[in-house]
Structure formats: C-alpha cells, structure tokens
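A short write-up of the structure that comes next.
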Amino acid sequence: MADIHIEEFYKDSAIALTQLYNAFPRRATLFVEDIAGPDEPDEFGLHSRRHMACFGALLWLEEEGFMRYVDTIRQEAFDQAVLTREAFSRLSSPAPDYLVQQLSGQDSPSDTSLPPSVQEDLSSHIHIMRSALRSRHSRRIREAVRATLFTREA
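Below you can see the structure in the form of structure tokens.
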C-alpha cells in the first residue's frame, strides 16, 4: 500500500494537468481548492496539510518543467498557468498499448473499426489520465500519472 500523500500527489497532478490540457493554449488560473477540495484556514490563517500538499504538487509540476505560471495568488491559486511544450507533447502522445488496455478498459487500442484519428485520441496519455480520473480508482490514477510523467519516450 502506498503512502496516502503520494496517492494524493498523483491525483492532484492528474487533475491539474487535465485542467491545463483542457484550456491549452490559453492560460488558466489553477485554484488549489478546485483540485484538493474545500479548505478552511485555521485561526492563524494557515491552510490545512492537504491544501498545502496540493499546492506543493503544483509547485513541483512547475519545477520539473510540466507547467509555467506568472504568479501565485497567496497559497490559493496559480495565475496564468499553462502547460509547457514538453507536457503538452507528452499528454498528446500515444501511450503504450498495454497501458491503454489496462487503464482505459479498451479491448484493443488499435480497433480498426474506428477512424485513425479516434484510435489515436483513445490511445493518448491524456485519454488514459481522464479515464483514470473518471474511475476514481487510485491505482489507475497512479499508473496513468507515472506513465505520463516518469516514463521516457523512446
């Protein structure tokens, strides 16, 4: 069993990357609460551990070259965020067949009854990430994010 904070990292990353992909190439504001859920700062104005973990995941995505942003809005949002070229390219690219079958539940990612453009879309990293998020299954989300962020393309 993985540590819960790592599972949250994978989910936060998947949601953020999907939001940015959906807005691409426009810049968007990423609100931490939209990703991690509602947060009530304590009596000193400090955010919860969960909120700060999500904020940290978004900072990490920027530091590792998956997104850019103009500024933060306190610790509540990232203003004018956009995917980097590398992240857009990776999300748009085809995922390995075994991963498409495993994560999206497709019998055959190269179903010849579908037009090539649809086949290509159904086998992309963004498609498996969206499917994993819809499933709300932490293992699927983890595998989709790992395949997208940590696997080198040949």
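Numbering-wise (our numbering), the sequence shown opens with residue -3 and increments by one.
The C-beta atom is built at its ideal place from N, Cα and C for all residues, glycine as well.
Kindly give me the distance between the Cβ atoms of residue 50 and residue 28, rounded to whole angstroms, as I take these residues to be in contact under 8 Å. On the sequence shown, position 54 is the one that residue 50 refers to. On the sequence shown, position 32 is the one that residue 28 refers to. That pair is a contact at about 5 Å.
Euclidean distance between Cα positions of residue 151 and residue 55: Examination of residue 151 is not possible in this model, given that the chain is present from -3 through 150 alone.
Once DSSP output is grouped into helix, strand and coil, what is the label at residue 64? In the sequence shown, the residue the question calls residue 64 occupies position 68. Residue 64: strand per DSSP, three-state reduction.
Contact between the region 29 to 41 and the region 122 to 129: three or more CB pairs below 8 Å? The region 29 to 41, when compared against the region 122 to 129, does not touch it at the 8 Å Cβ threshold.
Give the straight-line distance between the Cα atoms of residue 59 and residue 97, rounded to the nearest whole angstrom. As a position in the sequence shown, residue 59 is number 63, starting the count at 1. As a position in the sequence shown, residue 97 is number 101, starting the count at 1. Straight-line measurement puts the Cα of residue 97 at about 31 Å from the Cα of residue 59.
Nearest-angstrom Cα separation, counted from residue 20 out to residue 145: For the purposes of this step, residue 145 is taken as residue 149 along the sequence shown, with counting starting at 1. For the purposes of this step, residue 20 is taken as residue 24 along the sequence shown, with counting starting at 1. Between residue 145 and residue 20, the C-alpha separation is close to 18 Å.
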